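Working notes, structure below.
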Amino acid sequence: MTPDATEADIQRVIATVESIGLKAHPMPGANRTAIGITGNTGAVDPEPFVELPGVFECVRVTKPYKLVGRDLKHDKTIIKIDDAEIGGAEPAIIAGVCAVESHEQTMLTAQVVAEAGCKWFRGGAFKPRTSPYAFQGLHEEGLKILAEVRDTYGLKIVTEAIDEPALDLCEKYADVIQIGTRNMQNFSLLKRAGQARKPILLKRGMSSTLEEFLLAAEYVMAEGNYQVILCERGVRSFGNHSRFTPDLAVIPAAQKLSHLPIILDPSHSTGTRETVIPMSRAGIAVGADGLLVDVHPYPERALCDGPQALLFDMFRQMVGEVRAIAAIVHGVRS
Ligand code: PEP
Ligand code: MN
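Numbering of the sequence shown is given in my numbering, commencing with residue 2 and proceeding in unit increments.
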């Protein structure tokens with residue numbers, strides 16, 4: 002649409018799209034609104050649209066992903082909840098526990114995260130574990146603890162939904178719903194996430210290409226949820242010096258193709274705490290919109306992913322270093 006298109010102009014285009022049996026996806030940008038069209042099996046005839054008031058141009062998107070791509074929406078998407086942003090001027094540091102194990106462990110960590118000036122808290126109440134005998138999470142009890150973190154510290158809550166029933170619950174308690182690496186191509190879960198009206202943090206499948214990753218995000222957006230955050234969490238490689246290989250190159254590559262913000266998980270991508278700070282610095286240096294990082298008050302007793310959890314002092318150090326790098330790379334950031 003043109004920058005001065007009115008709400009009535011936008012609604013007229015949407016009604017026209019729907020009148021021919023297709024789905025309209027209005028996406029406001031900084032200067033103008035783009036309206037994606039999906040549901041078509043072949044090329045859409047631009048004729049009914051070109052003459053409508055407020056229409057600037059009709060663009061055929063030839064890429065397999067439509068709503069995720071910059072062809073449709075050039076301006077970067079910023080996820081915003083109150084004063085917390087992902088994709089905005091400052092890198093978003095989403096820090097917290099891998100798994101919510103207890104009230105004490107979670108609240109101690111949340112206090113440190115809040116005192117470091119971070120605005121987002123992560124914590125898993127439903128854990129996708131490799132072994133069925135490993136700790137699976139506290140489920141709703143864990144979500145209640147996370148809700149208490151928000152009430153106490155004002156932190157926005159990011160938590161993983163491993164299936165549809167979990168998503169129903171996470172939607173009730175959390176601010177952002179995470180879809181994990183093992184579920185990146187769980188298409189029914191992606192569609193359910195697309196019906197949620199909360200932002201979705203989508204982790205890259207550990208063996209997926211960038212195109213598969215973007216198409217997974219497209220599943221969410223095609224259902225009408227345009228609030229998606231991409232997260233690089235490491236891919237399978239042949240080395241054994243690191244649990245996974247953080248694919249830093251995917252960050253600028255994704256940013257070139259997509260308007261969605263992309264963050265790095267330096268914890269799950271490396272598996273060892275000594276590597277988390279260097280990778281966090283690197284992620285911000287290559288332009289990641291933020292980090293998703295595990296912290297634990299006593300990682301030697303953690304029920305999940307203890308070896309990768311930062312100790313509190315390491316976390317404070319990481320936040321300081323990352324902010325200094327962001328200030329250099331982005332100038333305006335501090
Ligand atoms: C997590 O972030 O807690 C997690 C399980 O990550 P991933 O899906 O990337 O393994
Ligand atoms: Mn974990």
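Cβ coordinates follow ideal geometry from the N, Cα and C atoms, glycine included.
Keep in mind the model is a prediction, meaning the values are calculated, not measured.
>> According to DSSP, is P308 part of a helix, a strand, or is it coil?
In response: helix
> Per DSSP, what kind of secondary structure is R334 in: helix, strand or coil?
Replying inline: In this prediction, R334 has a pLDDT of 46, which is less than 50 and means its spatial position is unreliable; what the coordinates show is noted afterwards. Coil at R334, not helix or strand.
> Which one of T273, G284, L215, L293 has the shortest CA to CA distance from K257?
Replying inline: L215
> When DSSP labels each residue in this structure, what does H26 get in the three-state scheme?
Replying inline: strand
>> When you compare the region 55-62 with the region 264-271, are there three or more beta-carbon pairs, one atom per stretch, that lie closer than 8 Å?
In response: no
>> I'd like to check one pair, A93 with W121: are the Cβ atoms closer than 8 Å?
In response: yes
> Hey, which unbroken runs of the alpha helix (DSSP H) at 4 residues or more fall wholly within the region 210-239?
Replying inline: 211-223
> Between which two residues does the beta strand (DSSP E) carrying T160 extend?
Replying inline: 157-161
> Span of the beta strand (DSSP E) holding T34?
Replying inline: 34-39
>> Closest to L23 by C-alpha separation, out of C119, N32, I36, P29, would be which residue?
In response: I36
> Residues in its own chain within less than 6 Å of S103 by CB, not counting five upstream and five downstream?
Replying inline: none
>> Is any non-hydrogen atom of the ligand PEP found closer than 7 Å to the C-beta of R244, if you look at the structure I gave you?
In response: no
>> For V159 and I95, which I take to be in contact (beta-carbon distance under 8 Å), what is that distance rounded to the nearest angstrom?
In response: 5 Å
>> Please report the distance separating the alpha-carbon of I1 from that of I146.
In response: Here the chain has residues from 2 to 335 only, and residue 1 is not among them.
> Relative to the alpha-carbon of G40, which residue among H26, M185, A328 has its alpha-carbon at the smallest distance?
Replying inline: H26
> Got a sec, what are the start and stop residues for the beta strand (DSSP E) E86 sits in?
Replying inline: 85-87
> Going by other Cβ atoms of all chains shown within 10 Å of its Cβ, with 16 needed for buried, is V330 buried or exposed?
Replying inline: exposed
>> Determine whether the beta carbon atoms of P298 and F316 lie at a separation below 8 Å.
In response: no
> At which residues does the beta strand (DSSP E) containing A96 begin and terminate?
Replying inline: 93-100
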